[in-house]
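With the first letter of the sequence shown counted as 1, position 96 gets the number 96 in the numbering used here; the numbers rise by one all the way through. Okay, structure first, notes after.
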Amino acid sequence: MKLLIVDHPAHHDYTISGGVINGIDLSVFPADATFKGNADTDAAGIHNVERIDGELRVTLGQCGLLYECAPVNGSHDWFGTGEWIDAADYDNEHCYIVATAAPENASYEKRDDGWTVTVPVVEEPEEPEAGDEEAIDEVVE
């Protein structure tokens, strides 16, 4: 089974075992069928299911929250990468969606209600107070 992760406003963690995602058995999904979601699949975070060349392909969502840093261009937008991953490689502690305006030194952090982007706090060196200047040992002329 392959997974496509997209930005979605509802936050979910996923338990994946074989063809079962969050208690929904998708292994029985037939070829050429049309997926019609219901309350159970919505609650499980499953947004699309299809079988392509015999392989089950499922679209799941991760929630991107407002950035917890000043973005480069003022955006708080997120997007999916469009890359399919093996279901066996899926990790709830990994952010698969991308922040569009995250600064280079930003990191992705999981919160209870989704993913955000933070910038590490960099401590500035303290300026010496007046009278605390260092003495010059040698003067070069």
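Positions of the beta carbon are idealized from the N, C-alpha and C atoms, including for glycine. Computed from a predicted structure; not experimentally measured.
Rounded separation between residue i and residue j - CA only
i	j	result
E83	G23	24 Å
N153	Y14	Past the edges of the chain, shown from 1 to 141, lies residue 153, and the structure says nothing about it.
L38	E126	The residue asked about is misnamed: residue 38 is Asn in this sequence, not Leu. Answer to the nearest angstrom: the Cα atoms are 58 Å apart.
A106	P9	21 Å
G19	D42	17 Å
C95	L66	14 Å
I21	Y90	11 Å
D40	D25	11 Å
H76	A87	28 Å
I16	I85	13 Å
Residues of its chain near residue i, where Cβ-Cβ distance is below 6 Å and the 5 sequence neighbours each way are ignored
i	result
G45	H12, L60 and G61
S27	G19
First through last residue of the beta strand (DSSP E) which encompasses residue i
i	result
D86	W84 to D86
S107	S107 to R111
Beta carbon proximity, residue i to chain C, threshold 9 Å
i	result
T116	Among the chains of the structure shown, chain C does not appear; only one protein chain is present.
Cβ neighbours of residue i in the same chain (closer than 8 Å, five flanking residues each side left out)
i	result
E55	M1 and K2
I97	I5, V6, D7, Q62, G64, W78, F79, G80, T81 and W115
Residue span of the alpha helix (DSSP H) that contains residue i, given as start and end
i	result
D40	A39 to A44
Residue(s) in a DSSP beta bridge with residue i
i	result
V98	F79
E68	T118
E104	Per DSSP, none; premise fails for E104.
L4	T59 and W84
E50	R57
V20	S17 and D25
Close-in-space but distant-in-sequence residues of the same chain around residue i (CB under 7 Å, 5 per side omitted)
i	result
T118	E68, C69, A106, S107 and E109
F29	V49, R51 and L56
beta-carbon residue i near the ligand NAP non-hydrogen atom, thresh 8 Å
i	result
Y67	Among the components modelled here there is no ligand, and therefore nothing to report on the ligand NAP.
### contact_flag[the segment 86-104, the segment 40-54] where n(CB pairs < 8 Å) is 3 or more
no
### Query
Between the segment 106-113 and the segment 29-42, are three or more C-beta pairs nearer than 8 Å?
no
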